[in-house]
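Q: Residues in the sequence shown are numbered from 605 upward in steps of one, following the numbering used here. Quick reminder that beta carbons are idealized off the backbone N, C-alpha and C, glycines included.
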Amino acid sequence: MVNCNVYGCKNRTERNQPNITFHRFPNNPQLKDAWIKCTRRINWNPKSHSRICSKHFDPSCFQQKSNRTYLNPHSIPTLFMKASVRIRHDMRLLCINFVVIGASCAVK
Ligand SMILES: [Zn+2]
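Okay, structure coming up:
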């Protein structure tokens, strides 16, 4: 079973949600740091099994290859649960800025 590590997100693999995929944290330190900030967890570091679910990525972050869904490299999770969690404004801005600065979803 894999949980999504974004604070407030209840998605996990054991629920039968075929539209949701789970993605491991990137190796690139800068990118990884942005992901960690986007989870909105304080003093937390991802473990090797930590994942973020596809609900936090813009649909343009994904590509389909032979029936599997892949997350484009350099994608940043910028979408958060709205109702259940109060979004810290600075965190959200940080994530969005990161995308704008040059690590957008598109691989070109
Ligand atoms: Zn999630």
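1. Can you tell me the Cα-Cα spacing of alanine 638 and isoleucine 680, whole angstroms?
2. Would the C-beta of valine 610 count as close to ligand 1, meaning under 7 angstroms from any of its heavy atoms?
3. Where does glutamine 621 fall in DSSP's three states?
4. Out of Phe666, Ile640, Ser664, Met605, which has the shortest C-alpha to C-alpha gap to arginine 619?
5. Over what stretch of residues does the alpha helix (DSSP H) that includes threonine 643 continue unbroken?
A: Put simply:
1. The residue labelled residue 638 in the question sits at position 34 within the sequence shown. The residue labelled residue 680 in the question sits at position 76 within the sequence shown. Their Cα atoms are separated by approximately 7 angstroms.
2. In the sequence shown, the residue the question calls residue 610 occupies position 6. Checking every heavy atom of ligand 1 against the Cβ of valine 610, one is found closer than 7 angstroms.
3. Residue mapping note: residue 621 aligns to position 17 of the sequence shown, counting from 1. Assigned with DSSP and collapsed to three states, glutamine 621 falls in coil, not helix or strand.
4. Residue 619 sits at position 15 when you count from the first residue of the sequence shown. Taking arginine 619 as reference, the option from Phe666, Ile640, Ser664, Met605 with the minimal CA-CA separation is Met605.
5. Here residue 643 refers to the residue found at position 39 when the sequence shown is read from its first residue. Taken as a continuous stretch (DSSP letters only), the alpha helix (DSSP H) holding threonine 643 covers 633-643.
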